[in-house]
Structures are given as structure tokens and as C-alpha cells.
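Q:
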Amino acid sequence: MAADYVAPLRDMTFALRETAGLADLATLPGFESAEPDLVEAVLAEAARLAQHVIAPTNQAGDRQGCRLENGTVRTADGFRDAYAQFCAGGWNGVPFDPMQGGGGLPWAVAMVTQEMITSANMAFSLCPLLTQGAVEALSVHGTPEQVATYLPKLVAGTWTGTMNLTEPQAGSDVGALKTRAEPAGDGSWLITGTKIFITFGDHDMAENIIHLVLARTPGAPAGTKGISLFIVPKFLIGADGRPGQANDLRCVSVEHKLGIHGSPTCVMSYGDNGGAIGYLLGAENEGMRCMFTMMNNARLSVGLQGLAIAERAYQQALAYARERRQGRLIGQVGGADVAIVQHPDVRRNLMLMRSQIEAMRGLIYFNAAVLDRAHHHADAAVRAEQLGLAQLLIPLSKAWCTDLGVEIASLGVQVHGGMGFIEGTGAAQHLRDVRIAPIYEGTNGIQAIDLVLRKISGKGAAALSALVEDMRAVDKDLAGAGPALEAIRTSLTAALTAVDHATARLVPLAASDPNKAIGGATPYLRMLAVTVGGWLLARQALAALRLGNADRFNAAKIATARFYGEQVLAQVPGLLPAVLGADEVFGDLDVA
Ligand SMILES: Cc1cc2nc3c(=O)[nH]c(=O)nc-3n(C[C@H](O)[C@H](O)[C@H](O)COP(=O)(O)OP(=O)(O)OC[C@H]3O[C@@H](n4cnc5c(N)ncnc54)[C@H](O)[C@@H]3O)c2cc1C
């Protein structure tokens, strides 16, 4: 049996305090309620829901998947009830406007509750995640009437949202989409086309589904400049504000896939009978700009999936390693077989999992707090500077954390030995579930390109230099901390030198020959992300030292930073040749 999930509340609140700066966030206008005691109470309640209501649905969702029955998608046993409890507790609206029924808490806090829900059941968590995107798009671009009609229901979760970008010929290249929107003559539009891979495109957990659909209007320019965004409800809203007549849209089929079986991935057909009724959201041909509004949070939330599944895989691997007895220690005479957790290589695997999980948690919460400051700080100059930093961090959070999610879930299987490969233990499910995260919401390859061509070059250069300067500034404190932090200090210095070297090579190349520069983008992203993770762990270790290492938790933080410094951060300079030589080594691959 899979081990139960237990929310790592102490590590979560530590990261929230020490890397996200919760006390400081609570001083920002609009976040007065984010006072640390209240936040801790909220998190304890979220942990109860995640552990006792949502986590028990995870394996049933994987085994049963979803099925299309008489035109409606049926979710697995327990999903409807868990979703009802999730909404009743107000968990769908944690970071949203209290005027619309939301909790008004910072995104940094919402990330923690989201981490718990995602660890508990990633497939389930996708439904609120997509709704979150719809709430953001409507909040920023909706007319007052649209806001009044849709927002309170979406914030409450009574209605859910979807994002409809992908079509068979338009994946990474969204600009290739063909779905059409024709004026209906009464201010609404008639939408016709097929969308694929639509998450929770249909289901039985909510009263209504509000599809946000990208489509082209007549005469729209080619590519991304000619795309508009439409609100297309499953059931049209009647004069009484309630869902009424069915719209002209349907789920054609549900995909069979590697993981997240509990999340219906739908082929959606719009307008089989003349056109689905849609309402323009934002201005015509501004659809991509509207999508960008929610991209930062969506990408951060997908990065969080890597962290959340890695945490669940780690908990399960650790429990198994303490239970499973096999072999003796070298030199052991007599006595029983030892628990595998005693074997140094198993311990190394577990530490590799734990240290990178803590680094990821630091990055995701930090990134969320930077976004909070970018939107709520009273000083416009600080807001602009924080937005630049948030945008630089987003591709790191999305790509590094999802790649690590896969690597760590795989290590979890490894710790289980053969039992990890057997479905009954549940270790394999984590690996299958998290495998999608490096693919959707902009593949990790696309994230790396975004980092090199847009985030560290041009206007982004200032954000990177400020970040590197901050990372260098921690050296003084590390030097004063003595031998306990020497390993992370040495590795951080070497990593920063390597990052500087790689940046100096890529930035001019991005301007002169971008196709060559992007050859080194993926190893560059890894270098920078591992370094930022090391910096955040070093800061956490300094805080732990200050708080006193007589406490086991603080002592473990310091040990984790040392492990990460020696075993992970020390590898950063080794990636440098892969960045520097990238433009010369791909020539041999036959592209014909
Ligand atoms: C389970 C699941 C759920 C999804 N949910 C949704 C959803 O709710 N809504 C929605 O609209 N879509 C959704 N998607 C679609 C998803 O976002 C796309 O699959 C993703 O954007 C990649 O597009 P693609 O599959 O067409 O791959 P392609 O674009 O064909 O990419 C294939 C490979 O080529 C690389 N590549 C492509 N173009 C470039 C380039 N210019 N430079 C460098 N490398 C490149 C990619 O990195 C990738 O490795 C979902 C997909 C899945 C599988």
C-alpha cells in the first residue's frame, strides 16, 4: 500500500518565512490578513483536507480514470465529493479578491495550499488550476458585466474553467490555430473548430464549465497577432444568472494517457450545429496578450507540480526504505538484515531527493512572493523591479522543478527496487503522473529559449545582474558562519563564476545568432536554476544556524545545505562546456 501523504508543514512554513518573507508580505496593501498566525491556521486546515479527503482519491483516480458516458465525462469515485468539500472550504479562492468571494491571501500562501492539494492528487488539482487561469483572465480583461456574471461562481468553484489553445496543427506554435469566430449579429460570436488535449474539458463535478477559447475572427492577421479570446459556457447563462440552455459544443473523446488518469484530457468540438455562442474577452486580436496575463501564475503552478509530486514520492520512498530489510552492512557480523535506509547509496538517493525538494520549495515560494510584491508593493519602482525578477524566475520554476519532479519520482521508484516497478505500491504512479509537467504550459525546451532570448537579454539583463549580485552578497554571511556552511559557500562561489561565464557567452550570441544561442539554452537554464536553488538553501541554512542547531529540524537544514553544496551545486561548472560549445556540436545530426 502507498504511504499516506503528510503535509510537511514545518518545512513549508519555514520556507514561507525565510525565503518568501511572509512577515514582509503581510505589510503590503491588500495582504493585511496574511498575518503569520492566521496563515499557519489556514495551512493546518488545508493539510487536513489534503491528507484526509483528497489523498485517498489518488489511486482510485489512477485505476479508474475518466469515461465518456452519453456525452458527459464521469470522473473517478470520490472526486465529486472531494471537490464539493474543497469548494465548501473556500479553497478554490485562496488568492482571489475578497470582493468576489476570495480569500485575499498572497500567492505565496496559495502556493502552499496548492502544493498540498497537488501532492494529494495531481490529477484532481488540475481542475482548480485551470479555473484559476479563467479567474485571472476575467479579472483583468472582463467587462463589468462579464465579471459579475462569471467571477463569483468561478472563484467559489461552483463553475470551473478551461483553457482551449491547442489544435492538432497548433501545439507549441499557438499562432497556427484555425478555430473560427464569426459575428452572430447581436454582439456575441459563433465559434467553430476542434480543440485537443483540453484538461477537464468536460466533467461531472460542477454546475457549469466556462471554456476560454482562442479563435480567429474574419480577416484577422496571420499568426499570434490575429488571435482573440472568447468565453464559451457549456450551458448558456439565463436571465436569472443560472446555467440554462446547452451551448453548441461537446466532448468528442477522452484521451488514454501515461498518467494523471483522473484528469479528463478532452477532444472538444465547437459548433457542430452552426456555432457555439461565445463572448469576446478583451479586445479583438488581443487574445495572446490576454493569455500572457495568466501565464506567470500558470507556469509557476505547473512548476509547483514537480515539487508536489517529488515530495509525495520522497515520503513514500523514505517510508519504504525504513521498512524493507535487505542485506547487511559491509563488515557486519551476524544479526538480522538491515533496513535498506541504512545502506549509504540508498541514503544518498534519499538525500538527493530531499535536498532538491527543499531547494525547489524555496524557489517556488520565493518566486510567488516576488510576484506578490510586483503586484502589491506601494512603490511603483519596486513593483517594476520585482516584476522583472519574477519574469526571470518563471522559466526556472517551470522547467527546473518539473524536470526535477520526473528525476525525483524516478529516484523514488529506484529506492523501492523491483516493487517500485509494480503498480500496487503507487511509486510508479508518481512517475507517470509528473511526466506531463515538462511538456504542457510551454515545453521545457521553450522555457529555456524564453530564458535566453527574452529574460537575460535586452531589458531582462538588469534583473539577472541584480539577482547575481544578491546571490554573491550572501558570501559574507556564509564566511562568518564557520565550517558548517563552508561546502555550500565554496560551491556557490564556483557556480556563480560559471554562470557569469555562460551568460557572457550567450547574451551577445542571442543578439547576433539566436539559433546558435538557443542550442545552449537548456544546460544554461539548469546552471542558473541549480545556482538559485543553492543560494536559497544557503539562506535557509543561515537562518537555521541563527535559530540554533540544537533543534533537529534546524540541524537537518544545515546538513541538507552541505549535501546540496557538495553533490548538486558542485556540478554547475561541469555544465559550462555544454553551453559554450553548443553552437558547434549539433551539426552532425542529419535533419533531412
Ligand atoms: C495531458 C495534457 C493536458 C493538456 N492540457 C491542455 C489544456 O488544458 N489546454 C490546451 O490548450 N492545451 C493543453 N495541452 C497541450 C499542451 O500544452 C501541448 O501538448 C504542448 O504545448 C506541446 O505541444 P505539442 O504537443 O503539439 O508538441 P510540439 O509543439 O509538436 O512539440 C514537440 C517537441 O518539439 C519541441 N519544439 C516545438 N517547437 C519548438 C521550437 N520552436 N523550438 C524548440 N523546440 C520546439 C518541443 O519542445 C517538443 O519537445 C495538454 C497536453 C497534454 C498531453
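The sequence shown begins at 1205 in the numbering used here and counts up one residue at a time.
The beta carbon of each residue, even a glycine, is placed where N, CA and C say it ideally should be.
Determine the DSSP secondary structure at Leu1793, reduced to helix, strand or coil.
A: In this structure, Leu1793 counts as coil in the three-state DSSP scheme.
Q: Assign Pro1781 to one of two classes, buried (16 or more other C-beta atoms within 10 Å of its C-beta) or exposed (fewer than that).
A: Pro1781 is exposed by the Cβ-count criterion.
Q: In chain order, what residues of the same chain lie with their CB nearer than 8 Å to the CB of Phe1235, ignoring the 5 residues before and after it?
A: Counting only Cβ-Cβ distances below 8 Å, and skipping sequence neighbours, we find Leu1229, Gly1308, Leu1309, Pro1310, Asp1576 and His1580.
Q: Give me, in chain order, the residues of the same chain whose beta-carbon lies closer than 7 Å to that of Trp1739; leave out the 5 immediate sequence neighbours on both sides.
A: So the qualifying residues of the chain are Met1675, Val1678 and Leu1696.
Q: Once DSSP output is grouped into helix, strand and coil, what is the label at Phe1218?
A: The answer is helix: DSSP assigns Phe1218 an H, G or I state.
Q: Check the Cβ-Cβ distances between Phe1767 and every residue of chain C, and say whether any is below 8 Å.
A: Absence of chain C from the displayed structure is noted, only one protein chain being present.
Q: What residue from Ala1388, Gln1449, His1465 and His1256 has the CA that sits closest to Thr1403's CA?
A: The candidate whose alpha carbon is nearest that of Thr1403 is His1465.
Q: Which of the three DSSP states is assigned to Ala1206 in this structure?
A: Note that Ala1206 has pLDDT 42, beneath the 50 cutoff, so the model's placement of it is unreliable and the number below is only indicative. Three-state DSSP puts Ala1206 in coil, outside helix and strand.
Q: Between Ala1641 and Gly1510, is the Cβ-Cβ spacing less than 8 Å?
A: Closer than 8 Å, so yes.
Q: Can you list, in chain order, the stretches of the beta strand (DSSP E) that have 3 or more residues and sit fully within the region 1310-1395?
A: Listed in chain order, the complete beta strand (DSSP E) runs (minimum 3 residues) inside the region 1310-1395 are 1363-1368 and 1384-1387.
Q: Should Asn1368 be listed as close to ligand 1, given that the test is whether its C-beta is under 7 Å from any heavy atom?
A: Asn1368 Cβ: within cutoff of ligand 1.
Q: Thinking C-alpha only, which one of Ile1513, Ser1614 and Thr1276 is nearest Met1326?
A: Closest by alpha carbon: Ile1513.
Q: Got a sec: does ligand 1 put a non-hydrogen atom nearer than 7 Å to the Cβ of Lys1761?
A: No - ligand 1 has no heavy atom lying nearer than 7 Å to the Cβ of Lys1761.
Q: I'd like to confirm something about Ser1614: is its beta-carbon nearer than 7 Å to some heavy atom of ligand 1, or not?
A: It does not: the Cβ of Ser1614 is nowhere closer than 7 Å to a heavy atom of ligand 1.
Q: Among the residues of its own chain, which have a CB less than 7 Å from the CB of Ala1207, if the five just before and after it don't count?
A: Confidence at Ala1207 is low in this model, with a pLDDT of 42, below 50, so its placement is unreliable and no value can be given for it.
Q: For Leu1556, which residues from the same chain have a beta carbon less than 7 Å from its beta carbon, with the 5 sequence-adjacent residues on both sides left out?
A: Excluding sequence neighbours, Leu1556 sits near Leu1615 and Gln1771.
Q: Out of Leu1600, Lys1720 and Pro1687, which one is the CA nearest neighbour of Leu1668?
A: It is Leu1600.
Q: Can you list, in chain order, the residues of its chain with a C-beta nearer than 6 Å to that of Leu1593? Leave out the 5 residues immediately preceding and following it.
A: Counting only Cβ-Cβ distances below 6 Å, and skipping sequence neighbours, we find Val1574 and Ala1667.
Q: In whole angstroms, give me the CA-to-CA distance for Leu1485 and Thr1223.
A: Distance between the alpha carbons of Leu1485 and Thr1223: 37 Å.
Q: Given a threshold of 16 other Cβ atoms within 10 Å of its Cβ, counted over all protein chains shown, does Ala1496 qualify as buried or as exposed?
A: Per the sequence shown, the amino acid found at residue 1496 is Phe instead of Ala. With fewer than 16 Cβ atoms within 10 Å of its Cβ, Phe1496 is classed as exposed.
Q: Checking the sheet assignment: what are the DSSP bridge partners for Thr1276?
A: Glu1273, per the DSSP bridge assignment.
Q: Between Val1542 and Arg1529, what straight-line distance do the alpha-carbon atoms span, to the nearest angstrom?
A: Computed Cα separation, rounded: 5 Å.
Q: Check whether the Cβ of Gly1649 lies closer than 7 Å to any heavy atom of ligand 1, and answer yes or no.
A: It does: the Cβ of Gly1649 is within 7 Å (strictly closer) of some heavy atom of ligand 1.
Q: Do the region 1393-1400 and the region 1460-1480 make contact, defined as three or more Cβ pairs closer than 8 Å?
A: At 8 Å Cβ cutoff, the stretches touch.
Q: Which residue wins for smallest C-alpha separation from Ala1582, given the options Val1783, Leu1226 and Leu1232?
A: For Ala1582, the nearest C-alpha among the options comes from Leu1232.
Q: Heavy atom of ligand 1 less than 7 Å from the Cβ of Gly1510, yes or no?
A: Flag unset: Cβ of Gly1510 not near ligand 1.
Q: Is Ile1513 a contact residue of ligand 1, with contact defined as CB to any heavy atom under 7 Å?
A: No, Cβ of Ile1513 sits at least 7 Å from all heavy atoms of ligand 1.
Q: Since I believe Arg1420 is in contact with Thr1383 (beta carbons under 8 Å), could you give me their beta-carbon distance rounded to a whole number of angstroms?
A: Their Cβ separation, rounded to whole angstroms, is 7 Å, which keeps Thr1383 and Arg1420 in contact under 8 Å.
Q: By the three-class DSSP mapping on this structure, what secondary structure does Lys1798 have?
A: Absent from the structure is residue 1798, since the part of the chain shown begins at 1205 and ends at 1796.
Q: Identify the residues that DSSP records as bridge partners of Thr1447: which are they?
A: Before going further, note that residue 1447 is Pro rather than Thr in the sequence given. Pro1447 pairs with Ile1441.
Q: Relative to ligand 1, is the shortest distance from any of its heavy atoms to the C-beta of Tyr1644 smaller than 7 Å?
A: Answer for Tyr1644: yes, Cβ within range of ligand 1.
Q: Secondary structure at Gly1724, three-state DSSP: helix, strand or coil?
A: Helix, per DSSP.
Q: Please return the same chain residues whose Cβ sits closer than 6 Å to the Cβ of Gly1475, not counting the five positions on each side in sequence.
A: Result list for Gly1475: Ile1395, Thr1396 and Asp1452, in chain order.
Q: To the nearest angstrom, how far is it from the Cα of Met1205 to the Cα of Leu1554?
A: Summary for Met1205: the model assigns pLDDT 44, below 50, so the residue's position carries little reliability, and this model does not support an answer.
Q: Using the DSSP secondary-structure output, state which residues sit across from Asn1412 in a beta bridge.
A: Partner(s): Trp1363.
Q: Are the region 1239-1259 and the region 1436-1447 touching, with three or more C-beta to C-beta distances below 8 Å?
A: Flag = no, the region 1239-1259 and the region 1436-1447 do not touch.
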